[in-house]
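First up is the structure itself, then whatever we jot down about it.
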Amino acid sequence: MLDALGVAITEMSKPWPMTLMLMGILGSSIFAALPGIGVLLLITIVLPFAVTLDPYPAIALMLGIGAVSNTANTFPSVLIAVPGSAGSQATIVDGFPMAQKGEAKRAFGAAFAASAIGGIFGALVLLGSLPILKPLVLSFGSPEFLVLVLWGLAAVGVLSGNAPLKGLLAALLGLLVSSIGMDNKTGIERFAFGGDYLADGISLVLVGLGLFAVPEMIALSVRRTSVSETSDLGHGTWQGIKDVFENWWLVIRCSVVGVWVGFLPGLGASVADWFAYAHAVQTEKNNENFGKGDVRGVIAPESSNNSKEGGALIPTIAFGIPGSTSLALMLIVFIAVGITPGSAMLTDQLSYTMAMIWVLVIANLIAAALAILAAAPFASLSLMPFYVIVPMTLVLCVSSSYASHLIWYDLITFLVFSTIGYFLKLFDWPRPPFLVAVVLGSQFEQYLWLSNARYGWTWLLQPGVLVILAIVVVTLIWPMISRHRQGKSIRGEKPEPLSRGLQIGDIIFLTLLMVVFAIAASHAMAWVVRAALVVYFIAGVGILIGIIQVVLNLRALRSPETAPPSDPTRTVLEIRRTIEIAAWLIALAGGVYLIGFHITMAAFPFIYVRVYGGGFRPALLLSFIAEIFVIGVFDLLLAVLWPTPFLFELIGIGYFI
Amino acid sequence: MKLHLFSTIGLAAAAGAALTGPAHAAPDFTGKQVLLIVASNEGKGTDIIGRFMARGMSKYLKGNPDVIVKNTGAGGGKIRGANLLAKAKPDGLTIMQSDGTTVQPTTLRRKSVRYDPTKFPAIGAINRGGSILFMRKEAVARLMDKSKKPAIIGAISGTRSWQAVPMWGAEFLGWNVKWIPGYKGNNQFSRAIRQAEIDAFATNSNYIIDPLIKEGVVTLLYQVGQPDDDGKYVARESFKQVPIFPNELRKKVKLTKLQWRAYLSLVNPSLIDKWMALPPNTPKEIVETWRSAYKQAFNDPELKQQLKKQFGDELTLISGKRVDEMIEEVSGVGDDVVDYTVKLKQKYGISAAR
């Protein structure tokens, strides 16, 4: 093994592989920071070139890209609550509030240091598990996957904080969303209504953008401030790095979580960060500040989403079973250049495996260093006025929504989830459970079905299942016992009660939700039971819990302590500004539909900035930047097929060739 | 006539013109971009072949156009990709890489289908050799013994052509099998068969078959085979020792015409395998240009070597004209045949959908 490592280091230190690795790291960092674009696109762009390389340079390039695909995606998550990719959604929960408190630099410092350590940890785990790779992968079947997914879903309880019923309802709604699309066990296209749009389910990109980005932009435009509520950003970057070393045990635990998730093909990037975040909330002392800008809420997901890359290589190397689409594409390159996944990777091609581990380590260090250097300039964006941040973020969101699948309906879906996200935030519903359920729902259903179909209920007694269940129970129950002994509430501090008006609005929202559940269940009656069962479960439990929550809300309305009257002046102002920003968003979507992306994306920021007091030159500059972004990324890089705008079609003018 | 308001960078001089020129002149792709719609997810067989072939064809097209790839995903994405092609301009700048699923009779009857595959002029297809059905060694003994627990076959929701082999085996040869549908694809099958969660599945991908054989996990049971010009099924070169299922079936059982046609309706789309096409009404000279480039690309030594590394040595080129004929045959089956296959799938619990 040492010989192979020596060969790998010698080969990877040559100028050509080093250059390619650096280019991969740089490219990955740029693409990862662009929400909705992502590193997958970069991989597809370099693929034709990569297949012509020799093995070591190919490893340098592809893993230089892949190893750090979750480092720079922190920038938009922290600054504008837009997830840079699926792997950085959990970072928003505490990262954005940190930016609001003027601690963006600290958040970046902590994120990048945690990413580097997590990535190196993942590489070391891969190295350590080489002798037992195959039995390790083979020890996880559908029942074991199921229990792990259950563990993730159990995190819903943790992520619900002080609103367990609402958290559960949000999760049930997320489960319902996850049921949309083809049901693999029956072939029935659930809730597709005869069309092909919904037959593949709902894109996570749209859910993430709608659930987090838009509600935060609405809140920003109502407040009319910059993201940071203080003008002093301090010297937080080094504080953030120190935070990581002070919380080293959290980093290790979350890196372990990331490696496990990466190691299980199919769970993927969108899950690792939530698992780690939930674990942190559950196990850390003094957890009442999670969700309000606790640096540990950034450290946890960022450690795990980089460590998972090392984990993901395990089944890829052992069996040629890639754990993600990115790895599937990398596998094409590896096979093309003569790297054969399987036993050879542990014997006569061991030096290639060592080269992969080496790149994982070095790339994480370099990417973190580069990102830390960029932290200060990026953090200063949190001081920009709202009329700069809001239009540019909305332009990005709308463009990303369309570009992911080139379908008009995605814009409507994005608006739908934006509306859901807005009301969830308004009525103090926890949003992470919704997202976790969307991500894990279909896997839960799949592995539950496969486990029962194959083993009956005896899967519950399998050794692997029992071991994992024991670990899950300990990690969930022990912190509760510990907190109880300390006399602390399990759920932490009580939140501020909703005002009377919002309580009534919440009741209406709950009622609508129950109606949705009922309609879904009635629609599902047309399917076979196997396909409909999950919907019946969601509707039955959802309506029951919904009724309980309504009753609690009605009781709260009886007392001004639990439902204080709202300040009418403030309420009217907030409502007016909310309607304004909603109108802007609809105008933006409507504009792209009527007159096309290029005109709308240039006009929107210009008009928005001018209306809210920005000068002519800043307005023009933002308009120019938006247009360059659309042309540069979506036209030249993605070669998006823009649809002919409605008015152009009406007049009979072609739009693009 | 439409006036064109905008043009992207690189297309300004062409002012929106498609590939035109005097009749019979080879279309000129100089300064053009070609959109390749890939009706699958990234990294899958369809995607790999599409990307490699598109890159190869660009070398042999006048002007060497850039190719931009758009994946529409698996499942419903395959239908979406074909729907997109049906609406694309027939100017030679949009092509689609798909597979046999898109022309399966059961697929064509889905409500979301808005295309007629017989209207797509095919550029060509690459056949990777028929699927091989393999089974865990210890499960083979249970295959013909209904007193023992059934051998378990993994399934996606009934869209794979090779499912016809165990279905007809169960229905007509008394195979002792049980299906567990709900898996998402070959990666999950590969894991599950190693863990004995399932006992069998089939694929034509050598990079999946070879490791399983080397690890000593499986026995090769049957192959789907490929019909020769006389209609007799022949074996894949590297699997000559594996019995050919349709030949075995016909030796042992006399199938009715309906039962045989139903079998073929499931299996024949896999003979087309990975096919590439242009939008409907594409002018003949553009179609011929693409077909010629496809053939040249396939025979390009460097590209051939790359494809062999991914898929093995048994790649066969099917001409565009022949693909057109095969699609006509495959998609023209009657409702009685489709009903029969749907009922059989429902009987064995493979799929509940029509």
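Residue numbers (the numbering used here), protein chains in the order written: chain A, 1 to 657; chain B, 1 to 354. Where a beta carbon is used, it is the ideal one built from N, C-alpha and C, also for glycine.
Query, Result
"Short CB-CB distance (under 9 Å) between residue 83 of chain B and chain A", "yes"
"Status (buried if at least 16 other CB within 10 Å, exposed otherwise) for residue 378 of chain A", "buried"
"Ordered list of alpha helix (DSSP H) runs contained in the stretch 167 to 235 of chain A, each at least 4 residues", "204 to 208, 214 to 223"
"Beta-carbon proximity check, residue 436 of chain A vs residue 204 of chain A, cutoff 9 Å", "no"
"Whole alpha helix (DSSP H) elements within the stretch 104 to 135 of chain A, 4-residue minimum", "104 to 128"
"CB-CB length for residue 222 of chain A against residue 578 of chain A, believed under 8 Å", "6 Å"
"At least three beta-carbon pairs within less than 8 Å, the stretch 30 to 46 of chain B to the stretch 289 to 309 of chain B", "no"
"is_contact[residue 160 of chain B, chain A] using C-beta, thresh 9 Å", "no"
"Distance CB(residue 96 of chain B)-CB(residue 350 of chain B) smaller than 9 Å", "no"
"Residue 217 of chain B (DSSP reduced to helix, strand or coil)", "coil"
"Within-9 Å CB hit, residue 218 of chain B to chain A", "no"
"Terminal residues of the beta strand (DSSP E) in which residue 179 of chain B lies", "177 to 181"
"Nonlocal neighbours in the same chain, by C-beta distance under 7 Å from residue 336 of chain A, ignoring five residues either side", "51"
"Selection from A:524, A:289, A:518, A:390 that minimises the alpha carbon distance to residue 98 of chain A", "A:289"
"DSSP bridge partner residues for residue 70 of chain B (one or two, in chain order)", "B:37"
"Sub-9 Å separation of residue 259 of chain A and residue 308 of chain A beta-carbons", "yes"
"Residue-chain proximity (residue 113 of chain B, chain A), Cβ-Cβ < 9 Å", "yes"
"Closer than 9 Å to chain B by CB, residue 430 of chain A", "no"
"Contacts around residue 333 of chain A, its chain only, beta-carbon distance under 7 Å, and the 5 residues preceding and following it disregarded", "47, 50, 51, 58, 62"
"Through-space distance from residue 153 of chain B to residue 186 of chain A, alpha-carbon basis", "15 Å"
"Bounding residues of the beta strand (DSSP E) (the contiguous stretch that carries residue 127 of chain B)", "122 to 127"
"Beta-carbon proximity check, residue 236 of chain B vs residue 314 of chain B, cutoff 9 Å", "yes"
"The ligand NAD heavy atom lying under 8 Å from the CB of residue 57 of chain B", "No copy of the ligand NAD appears in this structure; indeed no ligand is present at all."
"Residue 319 of chain A: contacting residues in chain B (beta-carbon distance under 8 Å)", "190, 191, 194, 211"
"Opposing strand residues paired with residue 233 of chain B [DSSP bridges]", "B:227"
"Where residue 490 of chain A sits in the DSSP three-state scheme", "Any reading at residue 490 of chain A needs caution, since the residue's pLDDT is 48, under 50, leaving its predicted position unreliable; the model's value is listed next. If DSSP states are grouped into helix, strand and coil, residue 490 of chain A belongs with coil."
"Residue from A:240, A:358, A:106 whose Cα sits closest to the Cα of residue 13 of chain A", "A:358"
"DSSP state of residue 115 of chain B mapped onto helix, strand, coil", "coil"
"Short-range partners of chain B found in the stretch 562 to 593 of chain A, where Cβ spacing is below 8 Å", "none"
"Between the CA atoms of residue 565 of chain A and residue 400 of chain A - distance to the nearest angstrom", "40 Å"
"Burial state of residue 51 of chain B (16 or more Cβ within 10 Å)", "buried"
"Interface flag, residue 547 of chain A vs chain B, CB-CB below 9 Å", "no"
"Backbone secondary structure at residue 500 of chain A - three-state DSSP", "helix"
"Residue 115 of chain B and residue 83 of chain B closer than 9 Å at C-beta", "yes"
"Beta-carbon contacts of residue 383 of chain A that lie in its chain and below 6 Å, excluding the five residues immediately before and after", "226, 228"
"Residues from the stretch 120 to 150 of chain A in contact with chain B, defined by Cβ distance under 7 Å", "138, 141, 142"
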